[in-house]
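See below for the structure under consideration.
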Amino acid sequence: NGLIKENPTFVLLLGMCPTLATTTSAINGLSMGLATMAVLICTNFVISCIKKITPDMVRIPVFIVVIAAFVTILQMLMSAYAPDSINQALGIYIPLIVVNCIILGRAESFAAKNSPIASLFDGIGCGLGFTLGLTILGSAREILGAGSVFGITLLPETTNILMFILPPGAF
658 NGLIKENPTF VLLLGMCPTL ATTTSAINGL SMGLATMAVL ICTNFVISCI
708 KKITPDMVRI PVFIVVIAAF VTILQMLMSA YAPDSINQAL GIYIPLIVVN
758 CIILGRAESF AAKNSPIASL FDGIGCGLGF TLGLTILGSA REILGAGSVF
808 GITLLPETTN ILMFILPPGA F
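Counted the way this note's numbering counts, the sequence shown spans residues 658 to 828.
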């Protein structure tokens, strides 16, 4: 359901901070979407596995700690293996995945109530939907602002509207 019917970006309007700030290009949108998807999948699975041993009083703080752990791992892996251009473009937005309402929302509404396998697939579906949304928005902004998508020139340089590839261009 998260891919089209309940797409986090277009239908549920969740994750607007990374959507607006990081989608200055198709590659940035794709990278942020994949990063968020990785955290979402891992978080959903782990939270579903520990749901029975987590007291209701500390449920949300436990969810946030689990999310933060996976974001920390992701950030270390990205620092070690991702190209510098991606790390610089996404910058502060990777740590902000911790407070992304998509991840916490799916943990609370789905992973805490369903099996680990169902939660894993829910994370994949919502993550793919979010990645698709960010990539589409990033592509549109890159085409309008730079006349290219994924580095492939589509429009002559004279038609570019640079505002679209700047962070305020999302508004």
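Backbone N, C-alpha and C define an ideal beta-carbon position, used for all residues, glycine too.
- Nearest in C-alpha terms to I809, of all of I717, S796, F821 and T680, is S796.
- With contact defined as three or more Cβ pairs closer than 8 Å, the stretch 762 to 770 and the stretch 714 to 723 are in contact.
- Going by DSSP, Y750 is part of no alpha helix (DSSP H) at all; its letter is neither H nor E.
- Taken atom to atom, the span from the alpha-carbon of A683 to that of G690 is near 10 Å.
- Assignment of alpha helix (DSSP H) within the stretch 760 to 814, counting only whole runs of 4 or more residues, yields 773 to 803 in chain order.
- Under the three-pair Cβ rule at 8 Å, the stretch 749 to 756 counts as touching the stretch 723 to 730.
- Excluding five sequence positions before and after Q732, the CB atoms of its chain that fall closer than 8 Å to its own CB belong to I751 and P752, given in chain order.
- In the three-state DSSP reduction, S682 falls in the coil class, being neither helix nor strand.
- Closest option to N744, judged by alpha-carbon separation, among I793, L687 and T816: L687.
- With contacts defined as CB atoms closer than 9 Å, L819 and G802 qualify as a contacting pair.
- Contact between I721 and V755 holds: their C-beta atoms lie close to 7 Å from each other, under 8 Å.
- Here T729 carries a helix assignment [DSSP, helix/strand/coil].
- Scanning L812, I822 and G786 for the CA closest to the CA of I760 turns up G786.
- Linking A737 to L747 through their CA atoms gives a straight-line distance of about 14 Å.
- For a cut-off of 8 Å, the C-beta gap from L697 to G784 is around 5 Å, short enough to register as a contact.
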